[in-house]
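Asker:
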């Protein structure tokens, strides 16, 4: 009698699990690839948007000899005479927080003093000739820029419109806080010098009585970038940043180091610091009198400043050196944001920064 053979139908449990796992892996890869493609598409649109806005701004300038004071996303770019240069200012595509970018729209800043503008945007990844992170379009071209969120002060010497050797009566903030650093009299004004570092200007403080007072105090500084070359004067107790009432940035008596082991704020001494991009103990940062150095630090809590140069108006305690740029935030920047500022300063001033 012949026995019938059993016919195997379907798959075993193990085979089903293997197939499901393969499908899951392929689906994940497809989702990742799709997400990456969408992020690149958003970066592509961001670059296209900024180029379109920049073109409209230049057309506006050609007809009006200046740039618009403000621009509103979604609004039209129209001249005082009624000429429309852009029907609707485009908005940063969402989601905006690609890569290390914050969820912010494009930023526009215009200086009536210099008749220059900066248009900030952030890319999730490198695209074309643009680097990932924060970038800036200006009337002079495109550059890597600095994060603008929580930016308390941005003083850059190349934003000043003066002749070589002129006194600096006011130094306008290039950031959204719009502070102004001014000299209370002609006798305490620092000097503007052109072509000092990488063909760019600086503001020279004499170490005797030069001081610029901020239009409003900063009481919550948390991240600071300071690009300076100290001069040959061995002045003691010079603060990196000054105040009429506080000595958070108290300098050393020896004139060798930037911060004092006793009187500098504990929030600075116990924080993080870098010298030309190299991590260092805040109390070990020495003044470089031969080259420009980028001093940067992050505090453990808020520190205070209301002027550039003076320690509580005490005679002889004034900054002595050439200052190219000062950038202050009221938050601790992420490591990628901090490196973005380093890259901006390094590229701009041709600095050897380790990052």
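Numbering (my numbering), first residue to last: 153 to 507. We put the beta carbon where it would ideally sit given N, CA and C, even for glycine. Everything numeric in this text was worked out from a predicted model, so none of it was measured.
Just to confirm, are residue 334 and residue 359 a CB contact at a threshold of 7 Å?
Answerer: On the chain shown, residue 334 is found 182 positions in, with the first residue counted as 1. On the chain shown, residue 359 is found 207 positions in, with the first residue counted as 1. Contact: no.
Asker: Three or more C-beta pairs under 8 Å: does that hold for the region 471-482 against the region 293-305?
Answerer: yes
Asker: Quick one: residues in its chain with C-beta nearer than 7 Å to the C-beta of residue 191, no 5 flanking neighbours on either side, listed in chain order?
Answerer: The residue you call residue 191 lines up with position 39 of the chain shown. 250, 276 and 277.
Asker: What would DSSP say about residue 498, mapped onto helix, strand or coil?
Answerer: Stepping through the chain shown from its first residue, residue 498 is reached at position 346. Residue 498 falls in the helix class under three-state DSSP.
Asker: Under the DSSP definition of a beta bridge, which residues are partnered with residue 238?
Answerer: Looking up residue 238 in the chain shown gives position 86. The partner list for residue 238 (beta bridge, DSSP) reads 229.
Asker: Of all Cβ atoms in chain B, is any one closer than 7 Å to the Cβ of residue 226?
Answerer: Among the chains in the structure shown there is no chain B, since it carries only a single protein chain.
Asker: Among 361, 431, 260 and 440, which one has its Cα closest to the Cα of residue 95?
Answerer: The structure shown does not extend to residue 95, since the chain is modelled only from 153 through 507, so no value can be given for it.
Asker: With contact counted as at least three CB pairs below 8 Å, one residue from each stretch, are the region 412-425 and the region 351-369 in contact?
Answerer: With a cut-off of 8 Å, the region 351-369 and the region 412-425 do not count as touching, because too few Cβ pairs lie within range.
Asker: Can you tell me whether residue 450 is helix, strand or coil according to DSSP?
Answerer: The residue labelled residue 450 in the question sits at position 298 within the chain shown. In this structure, residue 450 counts as strand in the three-state DSSP scheme.
Asker: Can you give me the start and stop residues for the alpha helix (DSSP H) that residue 419 sits inside?
Answerer: What you label residue 419 is simply residue 267 of the chain shown in a count that begins at 1. First-last of the alpha helix (DSSP H) with residue 419: 418-421.
Asker: Can you give me the Cβ contacts of residue 349 inside the same chain, cut-off strictly under 6 Å, excluding the 5 residues immediately before and after it?
Answerer: The residue given as residue 349 occupies position 197 in the chain shown. Short of 6 Å from the beta carbon of residue 349, and not among the five residues preceding or following it, lie these beta carbons of its own chain, in chain order: 444, 476 and 501.
Asker: Residue range of the beta strand (DSSP E) that residue 262 falls in?
Answerer: Here the question's residue 262 lines up with position 110 in the chain shown. Segment 259-263, the beta strand (DSSP E) holding residue 262.
Asker: Any idea what DSSP makes of residue 195, helix, strand or coil?
Answerer: Mapped onto the chain shown, residue 195 falls at position 43. The answer is helix: DSSP assigns residue 195 an H, G or I state.
Asker: Tell me whether residue 219 counts as near the ligand SAH, meaning its Cβ is closer than 6 Å to at least one heavy atom of that ligand.
Answerer: No copy of the ligand SAH occurs in the structure displayed, which carries no ligand at all.
Asker: Compute the distance between the beta-carbons of residue 369 and residue 409, then report whether it is under 7 Å.
Answerer: The residue you call residue 369 lines up with position 217 of the chain shown. The residue you call residue 409 lines up with position 257 of the chain shown. For residue 369 and residue 409, no; Cβs fall outside 7 Å.
Asker: Kindly indicate which three-state DSSP category residue 433 falls into: helix, strand or coil?
Answerer: Taking the first residue of the chain shown as 1, we reach residue 433 at position 281. The answer is coil: DSSP assigns residue 433 none of H, G, I, E or B.
Asker: If I measure Cβ to Cβ from residue 380 and keep anything under 6 Å in the same chain, skipping five residues before and after, which residues do I get?
Answerer: The sequence position of residue 380 within the chain shown is 228, counting from 1. So the qualifying residues of the chain are 473 and 475.
Asker: Quick one: what's got a C-beta closer than 7 Å to residue 374's C-beta in the same chain, skipping five residues either side?
Answerer: As a first step, residue 374 must be located in the chain shown, where it is residue number 222. Taken in chain order, the residues that qualify are 450, 451, 454, 481, 482, 483 and 484.
Asker: What's the C-alpha gap between residue 434 and residue 189?
Answerer: Reading the chain shown from its first residue, position 282 is the one you call residue 434. Reading the chain shown from its first residue, position 37 is the one you call residue 189. Each residue's Cα considered, the two are about 43 Å apart.
Asker: Applying the 10 Å Cβ sphere with the 16-neighbour rule, what's the burial state of residue 313?
Answerer: Numbered from 1 along the chain shown, position 161 holds the residue referred to as residue 313. By the 10 Å Cβ count, residue 313 comes out exposed.
Asker: Confirm, please, whether the CB-CB distance from residue 364 to residue 460 is below 7 Å.
Answerer: On the chain shown, residue 460 is found 308 positions in, with the first residue counted as 1. On the chain shown, residue 364 is found 212 positions in, with the first residue counted as 1. Going by C-beta atoms, residue 460 is nearer than 7 Å to residue 364.
Asker: Would you grab the beta carbon distance between residue 395 and residue 458 for me? Rounded to a whole angstrom, and I think it's under 8 Å.
Answerer: For the purposes of this step, residue 395 is identified with residue 243 of the chain shown, where counting begins at 1. For the purposes of this step, residue 458 is identified with residue 306 of the chain shown, where counting begins at 1. Indeed, because the Cβ distance is near 5 Å, the residues count as touching under 8 Å.
Asker: May I ask you to report which of helix, strand or coil DSSP gives residue 352?
Answerer: The residue given as residue 352 occupies position 200 in the chain shown. Correct three-state label for residue 352: strand.
Asker: Leaving out the 5 sequence neighbours to the left and right, which residues in its chain are closer than 8 Å to residue 226 when beta-carbon positions are compared?
Answerer: By 1-based counting over the chain shown, the position of residue 226 is 74. Excluding sequence neighbours, residue 226 sits near 240, 241 and 243.
Asker: When DSSP builds the beta bridges, which residues end up paired with residue 380?
Answerer: For this step, residue 380 is matched to residue 228 along the chain shown. Bridge partners of residue 380: 445 and 475.
Asker: Taking only three categories from DSSP, how would you classify residue 211?
Answerer: Here the question's residue 211 lines up with position 59 in the chain shown. The answer is helix: DSSP assigns residue 211 an H, G or I state.
Asker: Nearest by alpha-carbon distance to residue 291: which of 412, 219 and 427 is it?
Answerer: The residue given as residue 291 occupies position 139 in the chain shown. Nearest of 412, 219 and 427 to residue 291, Cα basis: 219.
Asker: On the CB-based measure, 16 or more other CB atoms within 10 Å of its CB, does residue 255 come out buried or exposed?
Answerer: For the purposes of this step, residue 255 is taken as residue 103 along the chain shown, with counting starting at 1. With fewer than 16 Cβ atoms within 10 Å of its Cβ, residue 255 is classed as exposed.
Asker: What did DSSP end up calling residue 216 once you bin it into helix, strand or coil?
Answerer: Counting from 1 along the chain shown, the entry for residue 216 is found at position 64. DSSP places residue 216 in helix when its eight states are reduced to three.
Asker: For residue 166 and residue 194, what's the separation of their Cα atoms in angstroms?
Answerer: Against the chain shown, residue 166 aligns to sequence position 14. Against the chain shown, residue 194 aligns to sequence position 42. As the crow flies, the alpha-carbon of residue 166 is around 42 Å from that of residue 194.
Asker: Let me check one thing: in DSSP terms, what residues is residue 319 bridge-paired to?
Answerer: Within the chain shown, residue 319 is the residue found at index 167, counting from 1. DSSP lists 343 as partners of residue 319.
Asker: Are residue 339 and residue 316 touching if we call contact CB-CB under 7 Å?
Answerer: The residue you call residue 339 lines up with position 187 of the chain shown. The residue you call residue 316 lines up with position 164 of the chain shown. No, these two residues do not count as a Cβ contact at 7 Å.
Asker: Note the first and the last residue of the continuous beta strand (DSSP E) segment covering residue 272.
Answerer: Position 120 of the chain shown, counting from 1, holds the residue named residue 272. DSSP places residue 272 in the uninterrupted beta strand (DSSP E) bounded by 268-275.
Asker: Kindly indicate which residue of 319, 246 and 209 has the alpha-carbon position closest to the one of residue 268.
Answerer: Counted from its first residue, the chain shown places residue 268 at position 116. Comparing Cα positions, the closest option is 209.
Asker: Quick one: give me the first and last residue of the beta strand (DSSP E) that residue 111 is part of.
Answerer: The chain is shown from 153 up to 507; residue 111 falls before or after that span and cannot be answered.
Asker: Would you tell me roughly how many angstroms separate the C-alpha atoms of residue 200 and residue 206, rounded to the nearest one?
Answerer: Translated into positions along the chain shown, residue 200 becomes position 48. Translated into positions along the chain shown, residue 206 becomes position 54. If you take the alpha carbons of residue 200 and residue 206, they lie about 10 Å apart.
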